[in-house]
Amino acid sequence: MTALDLDRIVAEIVEYLLVETSLASYIDHTQLRPDATSADIVKLCEEAKLYGFATVCVNPYWVTLAAAQLAGSAVKVCSVVGFPLGASASAMKCAEAELAIRNGAREIDMVINVGALREGDLETVRLDIKAVADVCHRHGALLKVILENALLNREQKVAGCEAAQRAGADFVKTSTGFAASGATPEDVALMRSVVGPGMGVKAAGGVRTRADALLMIEAGANRLGASSSVAIMKGSGPTRSGY
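Each residue of the sequence shown is one higher than the one before, starting from 13 at the first, in the numbering used here.
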């Protein structure tokens, strides 16, 4: 092996590691199943530290445990509000966000008032988001707003993105992962076109493989929600055959 060959191999290894680190930094490693146990949350956190994921995303009950497991690491805790239906009163969403942040969450994913959006009550939608955004930002936390695109037409998706932007949210997000379908590259591209470069777009629901992840990033996502994060990093997982 020549010195030139060795330099090429080293360069390829460095490039591979940079790509892997970059991809991991897009991912919210997610465990939102109702039957999750403390052992599942501990495993989630250990995987997140190993791969360097952006956050772990857990239900509010598990925030304290996740925060303790991740103490001293760069991985943040994300939790959900008004999940998965979005039909909670704004005061309840605010209380959920406040408690989750107090317990260690640094990012909040809230579900939009889907019914209000579908019937065109955009002021209710905006005020609902703004109330939670104010709580998050008062404590230095980020807010992601879940539209649940599977339940919306194109015009409603656009209106939801615009309402979230006007309300001061930091991200818009495609899906809870609990609806009939999840993220699509087309929806991600639409959301990015509405909010522009200054706001985050999170693709979630059905992001199961490395190919899925790269499609979403190419479409404009700068965060991915996935429970198959380890498979994504290993380049394995099921083929894209639905959600």
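By construction, the Cβ of each residue, glycine as well, lies at the ideal position given by its N, Cα and C atoms.
If you draw a straight line from the C-alpha of Leu-236 to the C-alpha of Thr-14, how long is it?
Whole-angstrom Cα-Cα distance: 41 Å.
Pull the bridge partners of Ser-91 from the DSSP assignment, please.
Val-70 and Ile-120
Could you pull the start and end residues of the alpha helix (DSSP H) that Val-219 belongs to?
From DSSP, Val-219 is part of no alpha helix (DSSP H); its letter is neither H nor E.
When the distance is taken between beta carbons, is Glu-59 closer than 8 Å to His-41?
yes
In angstroms with no decimal places, state the Cα-to-Cα distance between Ile-220 and Ala-195.
The identity of residue 220 in the sequence shown is Arg, whereas the question assumes Ile. Their Cα atoms are separated by approximately 11 Å.
Which residue or residues does DSSP assign as beta-bridge partners of Thr-42?
Cys-69
Under DSSP, the beta strand (DSSP E) around Leu-154 begins and ends at which residues?
154-158
Which value, in whole angstroms, describes the spacing of the CA atoms of Tyr-255 and Gly-218?
Confidence in Tyr-255 is poor, its pLDDT being 26 and thus under 50, which makes the residue's placement too unreliable to answer from.
Under 8 Å: do the stretch 140-153 and the stretch 109-124 share three or more Cβ pairs, one atom per stretch?
Flag = yes, the stretch 140-153 and the stretch 109-124 touch.
Quick check: what's the CA-CA separation for Ile-25 versus Tyr-63?
For Ile-25, the predicted structure reports a pLDDT of 37, less than 50, and the residue's modelled location is therefore unreliable. A value from the coordinates is still provided. The straight-line gap from Cα to Cα measures roughly 17 Å.
Could you give the distance in angstroms between the alpha-carbon of Ala-36 and the alpha-carbon of Phe-65?
5 Å
Would you mind reading off the limits of the beta strand (DSSP E) that contains Leu-236?
235-238
At what residues does the alpha helix (DSSP H) containing Ala-243 begin and finish?
Ala-243 -> alpha helix (DSSP H) spans 241-246.
Ignore the nearest five residues each way along the sequence and tell me which others in Val-54's own chain have a CB closer than 8 Å to its CB.
Leu-77 and Gln-81
Between which two residues does the beta strand (DSSP E) carrying Phe-183 extend?
Residues 183-185.
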